[in-house]
Amino acid sequence: MKKELTAVAALGLVVGLTPTASAVEFKISGKHLLEGAYLSAARGNGLDLTEAAGENTPSDAYFLHTFEIKPVMQVSDKISMFSTIRLADDTFWGNQSGGDTDDQGTTNNVYVHTLHMDYESPLGKIRLGRGSVNLYGTDFMNFDSRANQIMWWPSFVEKPWSILLYTLKNTDNFQVTPDASDTDNDAYVARLYYKTDSLDSGIHYGYLNNMTTSTKADRKQVVIAYGKYKTENCFVNGEVTHFFGSVKQDVETVALKNRDYDSWAGMLQVGGKVKVLTPSLMYFYAQGQDRNATAGNGGDIENALGSNGTGDQFEPLYILTGRHTGMLNNDIFTGQTTAMSRDGVHGVVLAADYTVSNRLSLHGAVGWAKADKVNIANKDDEYGWEYNLGAAYKLLDNLTYEAHFGYLDTGDYFKSNTTLNDSQTENVYILTHALSMTF
């Protein structure tokens, strides 16, 4: 009898939910990016600019692709479900690590990139689940990373102002060592925005409580202020970032002393539009690590870029900040990023975009950059001069072909030093082309 009652109850539940389920509105969008690249002075892992005498650093050529779908389910007028599912994510063609036919390279294949629910509550919108973080303000130092988070946009704040509060979980561990706390990594964020038709601005405060190492307390804070102003004929984009906080050792030793975070980074871009021509001038800066400010002497942690570089979304130059080279951007390859992120950057970029027609646009840029601090004795600080040319052509409204060429006249930063006095430095170039389709 219990089985019959259970079956009847389940059937009633299904029947009761049918009208609600049928009312769910389902939408889907997405993109496919197919990209090919030829990179000189490479070893299959980004650029390798310094070579010993008698060596000839090879070039690298490859194809990769990304395919993602974005389903949206409007469950009711108050609840929506969003997701980004990537069937390939910068996946290489072939059987190398991370390739489509590499059985061990599954990390780059099918996975849930984001997944969250939005609830329009009486107190404001609430978002629960896995979403993008670090996407804030301008493209400078924007990283394509995700985390599980709880977000709240309070409804009591009236436009043009808005507030976002959220907490996220990076790492959840339970520390069973006696007298040790849980070794979690959590972040707490508050953002204030002011947006009008011509101005998009805001200020961000983040507190990162990193307790994953049970022998120290690592608490890093960040304040970011940005502004993007535009009119019909001109635009200005700016951002300033300041990191502060401290690393406190449970037991301070000669090798491991307490240290403070103290670093700055920023970007300023000005530009205008003259008919079909859009010129711009940009300066960007990230503080480097002082060679004498080491853990052993308790010096401040000053490298603003950390190990991440200038960000996955920030690519004013194809090589120095491009995603294929592993220099100041480590989107695909790591390459030089560790050293250059540690040493920081001063960069200047003069660029122009020219709209030939509603289908064809051209791009050109000249850039120069140097290290903010140099951590190796007898090494110069100049990264070099870079020259870029690019074009994009819309084959269809949702199908675009792009081609880019970049050439870097490498500076003395990459040349010989006392330990590699027979090394040589190559000038490098990159050729990329891509076919992107959206739906």
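Numbering-wise, the sequence shown is residues 2 to 440 according to my numbering. Positions of the beta carbon are idealized from the N, C-alpha and C atoms, including for glycine.
If you measure between the beta carbons of residue i and residue j, is that distance less than 9 angstroms?
i	j	result
Tyr402	Ala435	yes
Ala392	Leu432	no
Leu165	Val134	no
Trp153	Lys126	yes
Ser342	Leu35	no
Gln75	Val25	yes
Thr242	Val223	yes
Phe236	Ser281	yes
Pro123	Ser163	no
Leu306	Gly348	no
Arg292	Asn376	yes
Lys374	Gln288	yes
Phe315	Asn330	yes
Ala340	Asn389	no
Arg128	Tyr120	yes
On the criterion of 16 or more Cβ atoms from any shown chain inside 10 Å, does residue i qualify as buried, or is it exposed?
i	result
Ala22	Legend: pLDDT at Ala22 = 47, less than 50; position of this residue unreliable, value from coordinates given subsequently. Per the 10 Å Cβ criterion, exposed.
Leu40	buried
Thr232	exposed
Leu48	buried
Asn238	buried
Ala62	exposed
Ser84	buried
Ser30	exposed
Enumerate in chain order the residues of its own chain whose CB-to-CB distance from residue i is below 7 angstroms, with the five nearest sequence positions on each side excluded.
i	result
Ile320	Thr326, Met328, Glu387, Gly407, Leu409, Val429, Ile431
Val350	Met283, Pro317, Leu318, Ala366, Gly368
Asn234	Gly273, Lys274
Lys28	Val73
Phe175	Asp183
CA-CA distance, residue i and residue j?
i	j	result
Tyr230	Glu240	12 angstroms
Arg360	Thr439	16 angstroms
Ser215	Lys160	44 angstroms
Ser146	Leu396	31 angstroms
Asn309	Val357	36 angstroms
Asn46	Phe64	14 angstroms
Tyr384	Lys371	5 angstroms
Ile70	Val252	49 angstroms
Ile80	Asn143	29 angstroms
Lys276	Tyr227	28 angstroms
Tyr137	Val190	12 angstroms
Gly37	Tyr286	30 angstroms
Ser199	Leu269	17 angstroms
Thr58	Gly299	39 angstroms
Phe245	Ser362	42 angstroms
Thr295	Lys258	9 angstroms
Asp301	Asp382	21 angstroms
His364	Thr322	16 angstroms
Thr311	Gly267	10 angstroms
Leu400	Thr254	59 angstroms
Residues in its own chain within less than 6 angstroms of residue i by CB, not counting five upstream and five downstream?
i	result
Asn210	Asp187, Arg220
Gly297	Ala256
Asp332	Asp313, Arg324
Phe334	Asn46, Gly47, Gly327
His205	Tyr137, Arg192, Ile225
Skipping 5 residues on each side, what residues in its chain have a beta carbon closer than 8 angstroms to that of residue i?
i	result
Asp101	Ala89, Thr92, Phe93, Trp94, Gly95, Asn110
Met212	Ser182, Asp183, Thr184, Asp185, Asn186, Ala218, Asp219
Asn422	Interpretation of Asn422 is limited by its pLDDT of 44, a score under 50 that renders its predicted location unreliable; the figure taken from the coordinates is listed afterwards. Cβ neighbours of Asn422 beyond the five flanking positions: none.
Asp78	Glu121
- [ ] List in chain order: all unbroken beta strand (DSSP E) runs of 3+ residues lying wholly within the stretch 262-310.
- [x] 278-287
Task: Runs of beta strand (DSSP E) wholly within the stretch 59-126 (minimum 3 residues, chain order) - done: 61-75, 80-93, 110-122
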